[in-house]
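So in our numbering, spot 19 of the sequence shown is number 703, and the numbers just go up one at a time.
For every residue, glycine included, the Cβ atom is placed at its ideal position computed from N, Cα and C.
Everything below concerns the one structure shown next.
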Amino acid sequence: MSASAMAQNTPEGLWRNIDDKTGEAKAEIRIAPGAGGALYGRIEKALVQSAEPNCTACTDDRKNQPKLGLEIIRGAKKSDTDNVWEGGRILDPENGKEYTLRMTPLEGGRKLQVRGFIGPFFRTQVWVRVQ
Numbered sequence: 685m686s687a688s689a690m691a692q693n694t695p696e697g698l699w700r701n702i703d704d705k706t707g708e709a710k711a712e713i714r715i716a717p718g719a720g721g722a723l724y725g726r727i728e729k730a731l732v733q734s735a736e737p738n739c740t741a742c743t744d745d746r747k748n749q750p751k752l753g754l755e756i757i758r759g760a761k762k763s764d765t766d767n768v769w770e771g772g773r774i775l776d777p778e779n780g781k782e783y784t785l786r787m788t789p790l791e792g793g794r795k796l797q798v799r800g801f802i803g804p805f806f807r808t809q810v811w812v813r814v815q
């Protein structure tokens with residue numbers, strides 16, 4: 685398998701997130717490696733205007749930071765056994781909630797299942813790779 689084909693089957697890259705409630709694309713998020721091989725993701729482009737340009741609902745170091753450029757994914761690492769990245773956190777900048785994260789590439793890396801958990805409850809979105 686070629687290196688470029690292998691790279692496509694990871695969460696690294698630019699993704700268009702699709703809102704799980706409305707079905708509309710809201711933003712483009714760039715996922716890249718950081719310290720210790722963990723993955724991090726930032727909002728690179730807003731596709732829908734937000735009523736509030738800053739993360740006023742955030743409760744950590746991201747409080748009142750601009751949503752554009754905001755790091756919403758922190759610390760996801762590849763599982764030793766499966767083709768999933770987990771153990772990190774994902775932030776919903778609209779409501780300030782932070783979820784435990786699990787990302788799974790789908791369809792050869794053309795899509796990414798992003799699932800956030802709080803206890804037994806979860807939200808799932810399927811993001812589309814931007815070509």
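Residue j beta carbon less than 7 Å from that of residue i
i	j	result
Arg820	Glu770	Only positions 685 to 815 of the chain appear in the structure, and residue 820 is not among them; the question remains open.
Glu708	Lys729	no
Rounded C-alpha distance that separates residue i from residue j
i	j	result
Gln815	Gly780	29 Å
Asn767	Ser734	34 Å
Gly639	Gly725	Any answer about residue 639 is impossible in this case: the structure gives the chain only from 685 up to 815.
Ile802	Thr808	12 Å
Thr694	Val810	14 Å
Proximity test, residue i beta-carbon vs the ligand GTP heavy atom, cut-off 6 Å
i	result
Gly800	Absence of the ligand GTP is noted for the structure shown, with no ligands found whatsoever.
Among the options, the one whose alpha carbon lies nearest that of residue i
i	options	result
Lys762	Gly772, Ile756, Asp703 and Glu755	Gly772
Val812	Ala741, Ile802 and Thr788	Thr788
Gln745	Ala716, Leu775 and Gln797	Sequence check: residue 745 is Asp here, not Gln. Of the listed residues, the one whose Cα sits closest to Asp745 is Leu775.
Glu755	Thr743, Gln797, Glu782 and Ile727	Ile727
Pro804	Gly793, Thr784, Glu791 and Val798	Thr784
Residues that residue i bridges to, as DSSP identifies them
i	result
Gly800	Leu785 and Arg807
Ala730	Ala711
Val812	Arg700 and Lys795
Cutoff 7 Å; reference residue i; Cβ partners in own chain excluding five residues on either side
i	result
Gly721	Lys761
Beta-carbon contacts of residue i that lie in its chain and below 6 Å, excluding the five residues immediately before and after
i	result
Ala741	Asn779 and Gly780
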